[in-house]
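**Student:**
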Amino acid sequence: MIEGSNMAECHPVGFRWVMKAKERGATIIHVDPRFTRTSAVADIHVPIRAGTDIAFLGGIVNYILTRDRYFHEYVVNYTNAPAIISEEFKDTEDFDGLFGGWDGEKGAYNRSTWMYEGVDPEAASGSREGPSGPVQKQPIQAAQNDRTLQHPRCVFQLLKRHFSRYTPEMVENVCGIPADLFLKVAETMCRNSGRERTSAFCYAVGWTQHSIGVQYIRTAAIIQLLLGNMGRPGGSIMALRGHASIQGSTDIPTLYNLLPGYLPMPKAKHDKDFDTYVRLNESPSGWWGEFRKYAVSLMKAYYGDKATKENGWCFDRMPMLTADHSHMNTVAAMADGDVKGYFVMGENPVVGSMNGPMQREGLRKLEWLVVRDLNLIETADFWRSAPEIERGEVKPEDIQTEVFFFPAAAHTEKDGSFTNTQRLLQWHHKAIPPPGDCQSELDFTYKLGLRLQELYADSTLERDKAIQDLTWTYPTEGPKNEIVAEAVLKEINGYTIADGQPVPGFTALKDDGSTVSGCWIYAGSYANGMNMTARRKPGSQQNAAAREWGWAWPADRRMLYNRASADPEGKPWSERKRYVWWDEDKKRWTGEDTPDFIVDRPPSYRPGPDARGKDTIAGMDPFIMQADGKGWLFAASGLEDGPFPTHYEPEESIVQNPLYGQQCNPSRMEWWRRDNPYHRAFADPRFPFMITTYRLTEHHTAGGMSRWLSWLSELQPEMFCEVSPELAALQGLKNGGWATIRTARAEIEARVLVSLRVRPIRIQGQVIHQIGLPYHWSSKGLVVGDSVNDLISFVGDPNVSIQESKALTAMIEAGRRSRHRTVVTSGPLVPAMDPQAWQRDLPAARHKPGSEHGFKAEESKESNA
Amino acid sequence: MGAKGFFTDTTICIGCKACEVACKQWNQLPDDGFALSGMSYDNTVALGASTWRHVAFIERPVPLSNQIADGFSWIFSSDVCKHCARAGCLESCPTGAIVRTEFDSVFVQSDICNGCGYCVVNCPFGVIDRREDDGRAWKCTLCYDRLKEDMTPACAKACPTASIQFGDLDELRQRAHQRVDHLHELGMNEAYLYGADKESQPGTEGLNAFFLLVDKPEVYNLPPDPVAPAKKVKESWISMGLAALGVAAVAFGAVLAAREGNGHG
Amino acid sequence: MVRTDGRDIDLSLGVLSGEGSHQHVESVDERIKQIEPKPWGQMPTLSQHDPTYYDRPMLKEPVWKIDIPVYYFLGGAAGAALALGAAAQLLGDKGLQKFGRNCHIIGIIGSTVGGGLLIHDLGRPERFLNMMRVFRPTSPMNVGAWILSGAAPLAIAAGLFSNRPGMWGWIGSAAGYGAGVFGLALAGYTGVLISNTAIPIYQQVRRLMPVLFLSSAAASAASILDIVFEDPRAHRITLIFGTAGRLAELATGFAIEREAGKVEQVARPLKTGVSGALWRTAEVLTVASLVLAVVPGKSTARRKWAGVFGALGSLALRLAVHYAGAASARDPRASFRQQRAGFGAAELGNG
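Residue numbers (our numbering), protein chains in the order written: chain A, 1 to 865; chain B, 1001 to 1265; chain C, 2001 to 2351.
(1) Taking the continuous alpha helix (DSSP H) assigned at residue 2197(C), which residues delimit it?
(2) Since residue 2131(C) sits in a beta bridge, which residues does DSSP pair it with?
(3) Could you check if residue 1210(B) is buried or exposed, using at least 16 other CB atoms within 10 Å of its CB as the buried criterion?
(4) For residue 723(A), count neighbouring Cβ atoms within 10 angstroms of its own Cβ and tell me buried if that reaches 16, exposed if not.
(5) What separation, rounded to the nearest whole angstrom, lies between the Cα atoms of residue 334(A) and residue 355(A)?
(6) Name the chain A residues whose beta carbon is nearer than 8 Å to that of residue 1972(C)?
(7) Using DSSP's beta-bridge definition, name the partner residues of residue 404(A).
(8) Return the residue from the list 1231(B), 1204(B), 1092(B) and 1024(B) that minimises the CA-CA distance to residue 1050(B).
(9) Please state if the CB of residue 733(A) and the CB of residue 814(A) are separated by a distance shorter than 8 Å.
(10) According to DSSP, residue 536(A) sits in a beta bridge with which residue or residues?
(11) Thinking C-alpha only, which one of 708(A), 676(A) and 728(A) is nearest residue 689(A)?
(12) Shorter than 8 Å from the beta carbon of residue 2360(C) to some beta carbon of chain B?
(13) Residue 709(A) versus chain C: which residues are under 9 Å apart at the beta carbon?
(14) May I ask which residues mark the beginning and end of the beta strand (DSSP E) holding residue 239(A)?
(15) Could you name the residues of the same chain whose beta carbon sits closer than 7 Å to that of residue 872(A), not counting the 5 residues immediately before and after it, in chain order?
(16) Between 211(A), 346(A), 579(A) and 393(A), which lies nearest to residue 230(A) when the distance is taken from Cα to Cα?
(17) Does the distance from the CB of residue 41(A) to the CB of residue 85(A) come in under 8 Å?
(18) So which residues of chain A does residue 2038(C) contact, with C-beta pairs closer than 8 Å?
(19) Just to confirm before moving on: does the CB-CB distance between residue 594(A) and residue 536(A) stay below 8 Å?
(20) In chain order, what residues of the same chain lie with their CB nearer than 8 Å to the CB of residue 70(A), ignoring the 5 residues before and after it?
(21) Is the Cβ of residue 5(A) closer than 8 Å to any Cβ of chain B?
(22) So, is the C-beta of residue 2013(C) closer than 8 Å to a C-beta in chain A?
(23) Between which two residues does the beta strand (DSSP E) containing residue 590(A) stretch?
(24) How many whole angstroms separate the CB atoms of residue 166(A) and residue 25(A), which I take to be in contact at a CB cut-off of 8 Å?
(25) With DSSP collapsed to three states, give me the class of residue 420(A).
(26) Using only the alpha-carbon positions, how far apart do residue 104(A) and residue 665(A) sit?
(27) Do three or more CB pairs link the region 1122–1137 of chain B to the region 2122–2133 of chain C at distances below 8 Å?
(28) Considering only their Cβ atoms, is the gap separating residue 529(A) from residue 485(A) smaller than 8 Å?
(29) Span of the beta strand (DSSP E) holding residue 478(A)?
(30) Should the region 392–399 of chain A be called in touch with the region 710–720 of chain A, which here means at least 3 C-beta pairs below 8 Å?
(31) Using 10 angstroms around the beta-carbon of residue 617(A), count the other beta-carbons present and answer buried if the total reaches 16, otherwise exposed.
(32) So, using beta-carbon positions, are residue 771(A) and residue 817(A) closer together than 8 Å?
(33) If we define contact as Cβ-Cβ less than 8 Å, is residue 1039(B) a contact residue for chain D?
(34) Work out the CA separation of residue 840(A) and residue 677(A) for me, nearest whole Å.
(35) Taking all protein chains shown into account, do 16 or more other C-beta atoms lie within 10 angstroms of the C-beta of residue 164(A), making it buried, or fewer, making it exposed?
(36) Whole beta strand (DSSP E) runs in the region 176–251 of chain A with 3 or more residues, listed along the chain?
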């Protein structure tokens, strides 16, 4: 099931495996508002209204539960379906779309009522701070369970109740999918899941880029857990990324709130010292019980000999969060003049991120900007070639920002690894040296660090020790003294300090300061001094898991949670789908892949009452990163917007939420600013059509790597919009002609492609027209056009603050855009705040303090760090 | 060496155009200008002197028989020089620039071509063209330079789904027939082979780059019953011969009629 | 933003060595494709019974410029004149020697100027001698190159040496006969050349096209002789030769219309557009020329006008054929319908 993804267009090389599966008889289902190149080779195409996937997936959950199609043994043993939830918990069915625990003062949920009866388990990832201060933590064995799944407050029954109204008729009403088509899809999924067969989901940013995006994936996870597809070959959920190494960019993070290996970034308010930091983040049960070892090893990597147990491993040198410094917040702060400088490396935010006018406003207020890229992208050129400048609203002479542009080395000109969606690290070798002044990011950062250390060498200020004490010596090579990338990989892998030998895996890491590891999940990638990520044994010479190609984290496991491919006794659920199993003779787990389990823990193991940390993981708990070792149907903690996924409409929609009075995600992040005007929640007469944005195969994201190449540019030379014949007739659009698309944020023009691939959706007696917009174009390159993302507002998912670019409202008219229309970033056309803003929330959820800037509750606003 | 060619299975093409880019990049061809065609996602429009791979995109208001998509389908096909067994371009080339290689492909030697343009009008598929600012005729070389190094042509190498399959023609033909049979078993009766051999396409005596299609050839801009013109030229020569004799006869007659002693002095 | 030649290769970093890398590219800025997108309602793929690929041409249009139809005309007239000249040499009396010489002059001018036009129309004119690299009977153009290479020198030799005493005269006569034979081929092979193409209308009328060209050649030779030379002896010859030519031209023209009309779409270039207009004009001019020629009377002016119309008609005919070919190549339905009607490879079975 490919949904929220256009896999054939965006991952054509990976798609070859889908075609091979199809050749062997797999059924490919593609759910997408448009008929794309993926749909062209799929077996079933399901047209869905953009932004309603939770209703569709929830409908499948309902189908599974009401018709008893779930994999009973798997659900009872491997998920938290039997767990009994606190009796204070209230579901969206009780409050017309809100869960219990909404704190009007803070504008967020108080999640204490969303807990197992008597316990608060730590989430494996996601927001980890306690709801309010330190929490009494107990191992999970104290939780109450009903393995018959009948208790009215067990997760299973709560799930059933939560999705009880997601019937096929409701799916038709909300998503516009004919009920019989929906039933066919649901039946196909169910028939192809269970003991003998597995089904997989593939998703990409069509799911994540919504204000309720994380919950989309949660719903799919619930389906896969109910059907018993998780951790089994041919099953699970594949997250297709938007970039070649975006997985790597969260592993060794470029995210503001993570340290390498998904350790959370310390927070100034809570994490007073190292021990507090560890205490607040480790888990008494499950694998995160090992937290201290990873944290200490990381600090030793950063500060080397200077980090000792006595000084708390130099923890006080670390930068700490004082607020939500996510992208949108930072740009909003920039637009307010609160940010001095900005490094933009390998990104093009004025084209790729939402609300381009506001991005550029932010850039104009900086003191300095550094851009590193292959070409002179629009972000580096904002002072010269932006729409505002073209319109005459802003003059280059008035911009004070000092812009530095550094040419970057291409991927063929530098060593390094990519980490793809399967957590697979693959080493890329430098083929030729970078020309002229071009430099890799690694070398740039290294040399910058050297210069900073030199600059701060004589300082006596305490805070400058953060730079002075960093370990920053690496070997270099070549005529330009470029840093050796493999040396960095070795440091990331980790080594024992005494003998400098690389550690074989993260189990060898210690919390006494004798080991170093730059990223615990990557430990093992340089085992035995060999660059495991550079292994290239062809797949044709290996089994399906192909463990000698590259290296996957953690510990070279190709599929996570693969313990779940065997039953509670350790025998595979089916011989046909055997993957990992318990070898009774050798007393070890073995199989096609590295077992994702403690290798010598038998299936019969049950933890004692005093067990702590990873000893709490029973022999039949496959989901070892969870505190209770179970797959969570009910997410007791870790998510801001609910333990169960709920259908909410996008921030800007055409219709009211047919399921609940609460129109939108109550926890969504908003920015109520003059330069970020929102449309009405629904039925905005100025913007009566839906738009959705997406990619084409021929171009790459913001176009910085494709619109400068003739061979790609000629394949898709001009910005265009895709409309249905009905919409074209309605608005007088001609195939090959021009159209202007407008929101309150900006106005763009595009050529028109009239096509049957985009169909109007009919729901609730209304026709909703959708317009498709590929977002690759902007003002620089061989082929230029208007930037689509200028149309999108700042609105974010509360868990990961990702933008909502897949469903919003707009107006489309025939003809080219006016050259002189001013937009709301300046001038007299700034609209007043929408008096009907309350439409998005029930009265209980309306007050949201701090949303002028979008800071989450209880974060400090004095953020001038 | 054995005859090599392409079998293009359009049912697994995803329209990614990697073949177009790989071909241009390997052969270092210039671009063909930047203009939106309005023809679905096909902005390349046709094969030409600087475009040797062209992916066709056809949106049809009729379903594919093995697909559920509300009566709609979108089919793709990567078009290329067919390297015909009887090649119109080769047989008409007056300079001998177009030759058949040891791989049974049709190859234009660009150092000999003087741009007479006769091959251009002799291709029944409209593949080869003369580049105006260069003066010579160009077309797909079946990556002759790669074949000589025992490598796969760039397009086949780049195709992610193996829609473009390269290999020995006999083996490809066998595979193609099996594939068609398999598709028919699955209920996709509209699948058929185009140009697979001499029997099915007598006008060209088989294409070394043949296709599996799911609609009429015209839909893909392919001729339904192509002929290498040289196969029919004998009739023209005969006509010319007879007419020339006629002209000669009239010339004799006219001269005779004008001789002295025939009423004219 | 400065565009490169579409290869985007920095020559200081990489080397151009691909098969297409020595394709010469002129200034890139003018090479913007001109495509007129089709309105939605007219998308041909919406219709399953008359499909084309967005009405785009299936074949490539001929790359030949106006040099070529002019060459058909000049080469044709030259060839027919040489044939006449040879006939005069063989069967004529001494009084016709001047006539024979005039024929040779037309032959020389026509073949050399024609040859020059051909070379000029080549994409790489400096490589014209490559035509002589091979002798390929399957290629009318190659055969034609050899024919022209024979006809021109023979015509020159005939012109220079005919009617001289002694061995030179002998050589001149032989050259003259040779030129006559080559001349017939020269006048007719172009008809074979264009029939040997994939263009639907040429394919359809391939049995008639050489006849048309030879007829038109005869008519134009006679016309030019009438215009250029004042020779009372010649008049009778040109009258017979020209009338026969013009009649045959008209008759073959009608036969072509009928043959092409077997598939309605194929015959369209003869009825519409520039080619259709030229075709009609040629017919009218030829009829006028015919009438003016056969009306009795000794008016020199009338004879000259008959010649002018005849020559113009012949030229118009060649131009019509040339543009009709381009229009036919541009029309995908012409090829599709022609082949569906059984005029493609299906004809091969009929021998």
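All C-beta atoms in this analysis are idealised placements derived from N, C-alpha and C, irrespective of residue type, glycine included.
Please read all numbers here as calculations on a predicted model, not as lab measurements.
**Tutor:** To lay it out plainly:
(1) The residue you call residue 2197(C) lines up with position 197 of the third sequence. Note, residue 2197(C): premise wrong, no alpha helix (DSSP H); not H, not E.
(2) Within the third sequence, residue 2131(C) is the residue found at index 131, counting from 1. None, per the DSSP bridge assignment.
(3) Counted from its first residue, the second sequence places residue 1210(B) at position 210. Counting Cβ neighbours within 10 Å, residue 1210(B) comes out buried, since at least 16 surround it.
(4) Within the first sequence, the letter at position 723 stands for residue 723(A). By the neighbour-count rule (16 or more Cβ atoms within 10 Å), residue 723(A) is buried.
(5) Indexing the first sequence from 1 puts residue 334(A) at position 334. Indexing the first sequence from 1 puts residue 355(A) at position 355. Distance between the alpha carbons of residue 334(A) and residue 355(A): 13 Å.
(6) In the structure displayed, chain C extends from 2001 to 2351; residue 1972(C) sits before or after that span and is not available.
(7) Looking up residue 404(A) in the first sequence gives position 404. Partner(s): 370(A).
(8) On the second sequence, residue 1050(B) is found 50 positions in, with the first residue counted as 1. For the residues 1231(B), 1204(B), 1092(B) and 1024(B), the minimum Cα distance to residue 1050(B) belongs to 1024(B).
(9) Translated into the one-based positions of the first sequence, residue 814(A) becomes position 814. Translated into the one-based positions of the first sequence, residue 733(A) becomes position 733. Yes, the Cβ-Cβ distance between residue 814(A) and residue 733(A) is below 8 Å.
(10) By 1-based counting over the first sequence, the position of residue 536(A) is 536. 549(A).
(11) The residue labelled residue 689(A) in the question sits at position 689 within the first sequence. Checking every option, the nearest Cα to that of residue 689(A) belongs to 728(A).
(12) Residue 2360(C) lies beyond the residue range present for chain C, which begins at 2001 and ends at 2351; the question has no answer from this structure.
(13) Indexing the first sequence from 1 puts residue 709(A) at position 709. Residues of chain C passing the Cβ test: 2008.
(14) In the first sequence, the residue the question calls residue 239(A) occupies position 239. Counting along the chain, the beta strand (DSSP E) containing residue 239(A) begins and ends at 237–239.
(15) In the structure displayed, chain A extends from 1 to 865; residue 872(A) sits before or after that span and is not available.
(16) For the purposes of this step, residue 230(A) is identified with residue 230 of the first sequence, where counting begins at 1. Ranking 211(A), 346(A), 579(A) and 393(A) by Cα distance to residue 230(A) puts 579(A) first.
(17) Numbered from its first residue, the first sequence carries residue 41(A) at position 41. Numbered from its first residue, the first sequence carries residue 85(A) at position 85. Not a contact, by the Cβ cut-off of 8 Å.
(18) Here residue 2038(C) is taken as the residue at index 38 of the third sequence, counted from 1. Simply 735 and 736.
(19) By 1-based counting over the first sequence, the position of residue 594(A) is 594. By 1-based counting over the first sequence, the position of residue 536(A) is 536. Taking 8 Å as the Cβ cut-off, residue 594(A) and residue 536(A) do not qualify as a contacting pair.
(20) Start at 1 with the first residue of the first sequence, and residue 70(A) comes out as number 70. These residues qualify, in order along the chain: 64, 226, 227 and 228.
(21) Position 5 of the first sequence holds residue 5(A). It does not: the Cβ of residue 5(A) has no partner Cβ on chain B nearer than 8 Å.
(22) On the third sequence, residue 2013(C) is found 13 positions in, with the first residue counted as 1. Yes, residue 2013(C) lies at the interface with chain A (some Cβ there is under 8 Å from its Cβ).
(23) On the first sequence, position 590 is the one that residue 590(A) refers to. 588–591 is the extent of the beta strand (DSSP E) around residue 590(A).
(24) In the first sequence, the residue the question calls residue 166(A) occupies position 166. In the first sequence, the residue the question calls residue 25(A) occupies position 25. Not quite, the Cβ-Cβ distance comes to about 30 Å (not below 8 Å), so this is no contact.
(25) Here residue 420(A) refers to the residue found at position 420 of the first sequence. Looking at residue 420(A) - three-state DSSP - the assignment turns out to be coil, as it is neither helix nor strand.
(26) Counting from one through the first sequence, the residue named residue 104(A) turns up at place 104. Counting from one through the first sequence, the residue named residue 665(A) turns up at place 665. The alpha-carbon atoms of residue 104(A) and residue 665(A) are separated by roughly 15 Å.
(27) yes
(28) For the purposes of this step, residue 485(A) is taken as residue 485 along the first sequence, with counting starting at 1. For the purposes of this step, residue 529(A) is taken as residue 529 along the first sequence, with counting starting at 1. No, Cβ-Cβ distance for residue 485(A) and residue 529(A) is not below 8 Å.
(29) Counted from its first residue, the first sequence places residue 478(A) at position 478. Counting along the chain, residue 478(A) falls outside any beta strand (DSSP E), and DSSP gives it neither H nor E.
(30) no
(31) Translated into the one-based positions of the first sequence, residue 617(A) becomes position 617. Label assigned to residue 617(A): buried.
(32) The residue given as residue 771(A) occupies position 771 in the first sequence. The residue given as residue 817(A) occupies position 817 in the first sequence. Contact: no.
(33) Of the protein chains in the structure, A, B and C, none is chain D.
(34) If you number the first sequence from 1, residue 677(A) lands on position 677. If you number the first sequence from 1, residue 840(A) lands on position 840. Roughly 15 Å separates the two Cα atoms.
(35) As a first step, residue 164(A) is located in the first sequence; it is residue number 164 there, counting from the start. Exposed, since its Cβ has fewer than 16 Cβ neighbours within 10 Å.
(36) 201–203 and 237–239
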